[in-house]
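Everything below concerns the one structure shown next.
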Amino acid sequence: MTDTSIKDFEAAIAELESIVKKLEEGDLPLEQSLTLYERGVQLSRFCHSRLEEAERRLEILNERGELKPAPASFAADPPPRS
Amino acid sequence: MSDLFDLPFEDEPPELPEPQEPASAAVRAAGAVDPPVVRRIHTVTELTVRIRDLLENDLSEIWVEGELSNCRLWNTGHLYFTLKDSATQLRGFMFRSTLRYLKFKPEDGQRVVARGKITVYEPKGEYQLVCEHLEPHGLGALQLAFDQLKKRLHDEGLFDPARKRPLPALPRKIGIVTSLDGAAIRDIIKILRRRYPNAHLVVRPTRVQGDEAALDIAQGLRQIARVPGVDVVIVGRGGGSMEDLWAFNEERVARAIARMPMPVISAIGHETDTTIADFVADVRAPTPSAAAEIVVSRKDEFYAQIDRLRDRAHGAAQRCVQALGRRVHVVSGRSAFAGFPGRVAMRGRHAAELTHALLRIGRGAVAGRARRIQQLDVQLATFDVGRRLAGIHTRFVAAEGRLTGAVRRRQDRAKAQLQQIVGRLESLSPLAVLGRGYAVCWTEDRTRVLRDTAGVEPGDSVKVTLARGELDCEVRATSATTEVTDRDGGHE
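Chains G and P, in that order, are what the protein sequence lines are.
For what it's worth, the working numbering labels the leading residue of the first sequence as 264, then goes sequentially.
For what it's worth, the working numbering labels the leading residue of the second sequence as 21, then goes sequentially.
Structure (structure tokens):
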């Protein structure tokens, strides 16, 4: 039940879905439902953090396989300042 | 030039005589027209040179149509072939350097249109077509090439649906292999920025048309596959003619896509354009813009999806707590003694005994109920539903407060109900019957109510309970025959 138990975004969504299903099917002891629910909240938090995790960047990979930030003029469509 | 011709035709002597015939006929005809005023005798070489000059000047740029036969690719990479129709044949040759640009593979039996020039191979007195371009008759060369490659890769299983990989739901980095010049890349970036503002994009610029494009694209794909974190790649370009899009019909691009370790979205031209790359890619997007929409969901949709799931989980957890509340209620309603008081009231004879039993049971039950409710209280406190849920998400606090309140209200109601029942129980106590003149006779130790004389001897002590007070009596005699009639009658 710790964060390391969440593999990735997709796994988190899948587990969250299965938790919701289990909870909605009912017939669970209260303690177990609450444990599941807590896990669900943990998963949804993880998903939220993953959504913000990607860094807004535009990089150019040149023919020598080197990564460089894209020229500002090129990336300028929406402000690329961050 | 002549050293080029040395190679092939020395290797193929048997076919030489045949093409000579029309040529000799032509020579005869020429001789007949020309009046031999002065007999000018040529050497063979002189004549051959003259023929060469005539043919090569006149037929330096010609188109000829026929059926390919005897196609042979020399190990030098040059192609030798014969063009024929129903009556005649023409030898043909194609340099490796020009052969390279053919989009299809020449094969025997194909009807083709060839462009080139006639040259004469002097050592053998032969003429032939040096072909500069070859294309399938009718069907375009590109189309034929397309069909050939498509069939080959299809047969290899490269288009197999089982090969198609699902796209990652949330790519860490999105790779893009395309030209920096066209509108395609700008469309993709614009749309991705709108849908998922903090997406991390890696662009590998490539040529997307011309002879070098296929090589560049294939290399670009291989390179971008090595960038850590890139877990999906868009490859494509904007619209154009079939020739413009041709690089994406090249085998090396198809193979590069097939070898990519992560899913590839093809986004080539317009919706109506289909290239070999589209068949090999894991997902075909009709346009580059569409690829940007396919590669990742809108960020707000992600949030909506997650929040929807969490809300459902919360709703279900809440219902579970409510179910507990209902259970408390049901326990309070399931009265073990609900029907008891009435029955007791009917049993005058057993009144006192039953009263004791009842009071015991009743008190036990009350105590049990109290314990049970206490337990539930403890459970609720242990779960501390309100605090846990509130701690988990502030939005849930209000709901939880209401919930806990509801549970407690039910408990209170249950307690009140219970007290009421006990009250009724006592008011209906069989002791009340004694008020109507009945008495209860007990054994001396008050453990048993006496119903007959059995076991009672004269001299025994008995106790008699009256409505008010109790008598301590001694039995003087017993009479088994004396009927103790039920004066009240009919109550049982």
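Every residue gets a Cβ at the ideal spot worked out from N, C-alpha and C, and that includes glycine.
Quick caveat, the model's predicted, so the values are computed rather than measured.
Chain-ordered chain P contacts of residue i [CB-CB under 7 Å]
i: S281(G); result: By Cβ distance, chain P contributes nothing, its closest Cβ being about 10 Å from S281(G), past 7 Å.
i: I323(G); result: V223 and P225
i: Y317(G); result: A small fix is needed here, since residue 317(G) is Ala in this sequence, not Tyr. Chain P residues near A317(G): R192, N218, A219 and H220.
i: S307(G); result: I326, L329 and R330
Residue from the options whose Cα sits closest to the Cα of residue i
i: E76(P); options: A134(P), Y141(P) and I314(P); result: Y141(P)
i: D207(P); options: P478(P), A311(P), V469(P) and R135(P); result: A311(P)
i: E87(P); options: H62(P), A474(P), S317(P) and L154(P); result: L154(P)
i: I209(P); options: V316(P), L486(P) and L99(P); result: V316(P)
i: L235(P); options: V250(P), W266(P), L67(P) and R215(P); result: W266(P)
i: H98(P); options: M114(P), D105(P) and C91(P); result: M114(P)
i: W83(P); options: V69(P), R318(P), F124(P) and L110(P); result: L110(P)
i: E127(P); options: T102(P), I138(P) and G202(P); result: T102(P)
i: R214(P); options: A165(P), A107(P) and S309(P); result: S309(P)
i: A238(P); options: L200(P), G256(P), P248(P) and V252(P); result: G256(P)
i: Q130(P); options: Y147(P), P143(P) and K104(P); result: K104(P)
i: D331(P); options: L291(G), G289(G) and G303(G); result: G303(G)
i: E176(P); options: E85(P), T118(P), A278(P) and A203(P); result: A278(P)
i: Y323(P); options: S89(P), V222(P) and A189(P); result: A189(P)
i: G258(P); options: R275(P), A276(P), T294(P) and Q168(P); result: T294(P)
i: P143(P); options: E81(P), G136(P), V222(P) and I71(P); result: I71(P)
i: I211(P); options: Y121(P), E477(P), C493(P) and K319(P); result: K319(P)
i: F299(P); options: P281(P), E321(P), R275(P) and I314(P); result: R275(P)
i: L321(G); options: G479(P), L173(P) and L221(P); result: L221(P)
i: A242(G); options: N325(G), C310(G), L297(G) and K331(G); result: Chain G is shown only over 264 to 345; residue 242(G) falls outside these bounds and no answer can be derived.
i: C91(P); options: F179(P), T65(P) and K125(P); result: K125(P)
i: V133(P); options: R116(P), C151(P), G145(P) and R120(P); result: C151(P)
Delimiting residues of the beta strand (DSSP E) encompassing residue i
i: S481(P); result: S481 to T485
i: Y300(G); result: Element bounds for Y300(G): not the beta strand (DSSP E) but the alpha helix (DSSP H), L293 to E316.
i: L235(P); result: L235(P) -> not in any beta strand (DSSP E); alpha helix (DSSP H) instead, spanning A233 to I244.
i: I82(P); result: I82 to L93
i: K331(G); result: L330 to P332
i: S286(P); result: V284 to I288
i: E322(G); result: R320 to L324
Residues that residue i contacts on chain G, provided the C-beta gap is smaller than 9 Å
i: P188(P); result: D271, F272 and E273
i: Y323(P); result: C310, H311 and L314
Residues bridged to residue i [DSSP beta-bridge criterion]
i: G195(P); result: V222(P) and V253(P)
i: M114(P); result: L99(P)
i: C151(P); result: G136(P)
i: T498(P); result: In the DSSP output, where bridge partners are listed per residue, T498(P) has none listed.
i: W462(P); result: V469(P) and K483(P)
i: Y141(P); result: E146(P)
i: E171(P); result: As written in the sequence, residue 171(P) is Lys, which differs from the Glu given in the question. Per DSSP, none; premise fails for K171(P).
i: P188(P); result: Per DSSP, none; premise fails for P188(P).
i: K104(P); result: E87(P) and Q109(P)
i: D492(P); result: K483(P)
i: R131(P); result: E87(P)
i: P156(P); result: V132(P)
Neighbour list for residue i in chain G, Cβ cutoff strictly below 7 Å
i: Q243(P); result: L324 and G328
i: V341(P); result: L293
i: A333(P); result: I282, V283, L286, Y300 and G303
i: T337(P); result: Sequence check: residue 337(P) is Ala here, not Thr. Within chain G, the residues near A337(P) are L286, S296, L297 and Y300.
Proximal residues of chain G, C-beta to C-beta of residue i below 8 Å
i: K319(P); result: L314
i: R246(P); result: G328
i: A238(P); result: Those within 8 Å of A238(P) in chain G number zero; the least Cβ separation is about 12 Å.
i: H153(P); result: By Cβ distance, chain G contributes nothing, its closest Cβ being about 31 Å from H153(P), past 8 Å.
i: A107(P); result: Going along chain G, no residue has its Cβ under 8 Å from A107(P), so there is no contact; the nearest lies around 54 Å.
Start-to-end residues for the alpha helix (DSSP H) that takes in residue i
i: T68(P); result: V64 to D78
i: I209(P); result: A203 to R215
i: R183(P); result: First-last for R183(P): undefined, no H or E at that position.
i: A277(G); result: F272 to E288
i: E271(P); result: E271 to A278
Within chain P, partners of residue i - CB distance below 9 Å
i: A335(G); result: Near A335(G) there are no residues of chain P at all, since even the closest Cβ is about 13 Å away, more than 9 Å.
Contact set between residue i and chain P, taken where Cβ atoms lie within less than 8 Å
i: S268(G); result: Result: empty, since nearest Cβ-Cβ is about 17 Å, beyond 8 Å.
> What are the uninterrupted segments assigned as alpha helix (DSSP H) that are 4 or more residues long and contained completely in the stretch 298-339 of chain P, given in chain order?
Replying inline: 308-315
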